[in-house]
Amino acid sequence: MNGIFSNQSLPALNSEWFVASASTDHQIASSIDRSRILGKPTVHLVLDRWSQMIVGSHVSLEEGFQLGCLLAFENALAEKISFCRKLGIEISDADYPCHHICESLLLGFTPTEWFSNSLLEFGVHVKSPNSRQSAQNAKIEASLGHDILSLGSCGASDRQLNGILDLKQFRRLLVQYILHYNNHQKLEPYLIDEQTDQHTDLVPIDLWNWGLCSSSNSLRAAPFER
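Structure below.
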């Protein structure tokens, strides 16, 4: 993952998220009728800027881009053990401990009034990125987009993959990728505290856990109901 950040350029752990979206070239088939092609999905990922953990996701076949982003945000609030179990994946809370809520959401697009008001219901404010943040987020989005394009390929061509996966199977692949990324993806040097010259292991989950232990601010509990 590109980017070298200092604690002076980032907010506290889990206080600021941003959305990364990527289109795929895979044609998704209906789970009922495999001959029926539903279209190419768009993947929306929500990341914590401080740790670069992927805290939420959504796979969308709908045309509404902002709706997909909002559903990814809502997934970020969800408890992940039951979410993964519905996809046939068994995890512990330590594998994916992200079910809290941020203070602000950084968006690279102009949200509609409906989108902003939906976030305000959760007490979350929309922010526009500055030029440096936009550059950082673009690098991260490009890297994630490259990984998303290769989901499930294993050397197969896009044409060979067309119609092979239904939406649930694709979502399962995406969550498996997220778990691997959060727990194993090596990040570039990430200086946490310049004053003490203290570093953490350069993996999102380790940064998350380090930030959780080091931060004086507790994570905000997500509302169970809107």
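Counting in the numbering used here, the sequence shown runs from 19 upward without gaps. Glycine included, C-beta positions come from ideal geometry on N, C-alpha and C. Please read these numbers as outputs of a predicted model, since none were measured by experiment.
Secondary structure at G86: helix, using DSSP grouped into helix, strand and coil. Residue burial is scored here from C-beta neighbours: S100 has fewer than 16 other C-beta atoms within 10 angstroms and is therefore classed as exposed.
Here DSSP, grouped into helix, strand and coil, assigns L31 to coil.
Taking a contact as a CB-CB distance under 8 Å, the pair L95 and H117 counts as one, their CB atoms being some 6 Å apart. Classified as buried, E34 has 16 or more neighbouring CB atoms from the shown chains inside 10 Å of its CB.
Burial of H44 is indicated by the presence of at least 16 other C-beta atoms within 10 angstroms of its C-beta. A Cβ-Cβ separation of about 6 Å places L88 in contact with S136 under the 8 Å criterion. Taking a contact as a CB-CB distance under 8 Å, the pair M71 and I223 counts as one, their CB atoms being some 7 Å apart. In this structure, the alpha-carbon of S69 lies about 35 Å from that of A47.
Of all alpha-carbon atoms in N32, I109, S53 and H62, the one lying nearest the alpha-carbon of I166 is that of H62. By the neighbour-count criterion, in which a residue is buried when 16 or more other Cβ atoms sit within 10 angstroms of its Cβ, A112 is exposed. In terms of CA proximity to E80, K58 leads the group L138, V73, K58 and I109.
For G74, the pairing in a beta bridge is given by DSSP as V64.
For R238, DSSP records a beta bridge to I119. When C-alpha distances from L138 are compared across C120, R52 and F127, the shortest belongs to C120.
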